[in-house]
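So my numbering is basically just the index in the sequence shown, starting at one, shifted up by 28.
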Amino acid sequence: MRQPFIAGNWKMHKTNQEAVDMVEELVDLVEGIDDVDIAICAPATALAPLNEVIADTNIALGAEDMHWKEEGAYTGEISPLMLKDVGCEYVILGHSERRGYFGETDKDVNKKVQTALKHDLKPIICVGESLAQREAGETKDIVKEQVLAALDGVTKNDLEVITVAYEPIWAIGTGKSATTEEANEVIKYIRDVMRNEFGKVADEIRIQYGGSVKPHNISEFMATSDIDGALVGSASLKAQSFADIVKFE
Ligand code: 13P
Numbered sequence: 029m030r031q032p033f034i035a036g037n038w039k040m041h042k043t044n045q046e047a048v049d050m051v052e053e054l055v056d057l058v059e060g061i062d063d064v065d066i067a068i069c070a071p072a073t074a075l076a077p078l079n080e081v082i083a084d085t086n087i088a089l090g091a092e093d094m095h096w097k098e099e100g101a102y103t104g105e106i107s108p109l110m111l112k113d114v115g116c117e118y119v120i121l122g123h124s125e126r127r128g129y130f131g132e133t134d135k136d137v138n139k140k141v142q143t144a145l146k147h148d149l150k151p152i153i154c155v156g157e158s159l160a161q162r163e164a165g166e167t168k169d170i171v172k173e174q175v176l177a178a179l180d181g182v183t184k185n186d187l188e189v190i191t192v193a194y195e196p197i198w199a200i201g202t203g204k205s206a207t208t209e210e211a212n213e214v215i216k217y218i219r220d221v222m223r224n225e226f227g228k229v230a231d232e233i234r235i236q237y238g239g240s241v242k243p244h245n246i247s248e249f250m251a252t253s254d255i256d257g258a259l260v261g262s263a264s265l266k267a268q269s270f271a272d273i274v275k276f277e
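So, in structure tokens, the structure goes:
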């Protein structure tokens, strides 16, 4: 049985005061929920204060990215050791905004996945096609390539802590989500790809959908055979809407 997993990705939003206020409100709204895993992935500056707010709650903390080295001359970067130090359990890797705006490659994503695993951080690996790629019928080839590249060298045991997030780029921040059938078909395919590569453990891996997930559409996604949760952008910025998504039934 795969436990549903709803994670918020705040992207470049919120000062520390705003972050703390939101999560304090969220703690009350989702109190007692133990059949859904909940995480907030926040900007690096907010992680330390949020770690105090979420202590002894059912909300886990995640980062939005990290470097693949433990330390060194990499101005502006954040290392896995720093993320562990401020209480992160998860780290988003390979988000399409990192790939698109900052030139992150499949190889970079793979190096980050390896380092995250080494330091007991659970990767949320993002994959997804652009509109042009979808229209050219390349969706499955693209996600297969991204998934296999990201998981290159990963062992079956390590796979258990990994989450994959399928986020079609054309659905991110556009208000235009994929249909549940479209999303489930690709996510089922991603699971088949992982089953071919790693065997039955693929049936235990959680695969989220991301792209304009809102309180009004979450239950449709969650009713499908293969979608195990959501990676939520703008609707994760407000405590009430994120809580409504977490309580999707
Ligand atoms: P939106 O929910 O704002 O479309 O963002 C999705 C996303 O990119 C989550 O990582």
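Note that beta-carbon positions come from the ideal geometry of N, C-alpha and C, so glycine has one too.
Buried/exposed call for residue i, threshold 16 Cβ in 10 Å
i    : result
K266 : exposed
N224 : exposed
N212 : buried
T202 : exposed
R219 : buried
K204 : exposed
G36  : buried
M29  : exposed
A251 : exposed
E195 : buried
A83  : exposed
Residue closest to residue i, alpha-carbon to alpha-carbon, out of the options
i    : options                : result
K97  : L179, S107, T103       : S107
E209 : F249, D220, K150       : F249
A91  : A76, V229, A160        : A76
A72  : M110, A83, D62, G36    : M110
I235 : P243, K184, V189, I197 : V189
V260 : D84, K39, D148, M29    : K39
T143 : R162, G131, Y118       : Y118
D200 : A263, Q174, E163       : It is worth fixing the name first, because residue 200 is Ile in this sequence and not Asp. Nearest option by C-alpha distance: A263.
S247 : V229, V137, E277       : E277
I68  : A47, D62, G60, W198    : A47
I233 : G239, V221, M94, P243  : V221
Q45  : L78, D134, D93, V64    : L78
Coarse secondary structure for residue i, derived from DSSP in three states
i    : result
I82  : helix
L179 : coil
P108 : helix
V241 : coil
D93  : coil
D134 : helix
V58  : coil
V214 : helix
T191 : strand
D65  : strand
P196 : coil
I273 : helix
I233 : coil
I152 : strand
heavy atom of the ligand 13P below 8 Å from residue i C-beta
i    : result
C154 : yes
S158 : no
H123 : yes
K39  : yes
I120 : yes
V171 : no
E356 : There is no way to answer for residue 356, as the model of the chain reaches only from 29 to 277.
I235 : no
T202 : yes
G128 : no
A271 : no
S240 : yes
Q91  : The amino acid occupying residue 91 in the given sequence is Ala; Gln does not appear at that position. Not under cutoff, so the answer is no.
Short CB-CB distance (under 9 Å) between residue i and chain B
i   : result
H41 : Among the protein chains of the structure shown there is no chain B, as only one such chain exists.
Does the segment 122–133 touch the segment 146–165, meaning 3 or more C-beta pairs lie closer than 8 Å? In short, these stretches touch, since the Cβ pair count reaches three.
Any 3 or more C-beta pairs closer than 8 Å across the segment 98–105 and the segment 52–71: no
Stretch pair the segment 180–195 + the segment 133–153: three plus CB contacts closer than 8 Å: Yes: at least three Cβ pairs fall under 8 Å.
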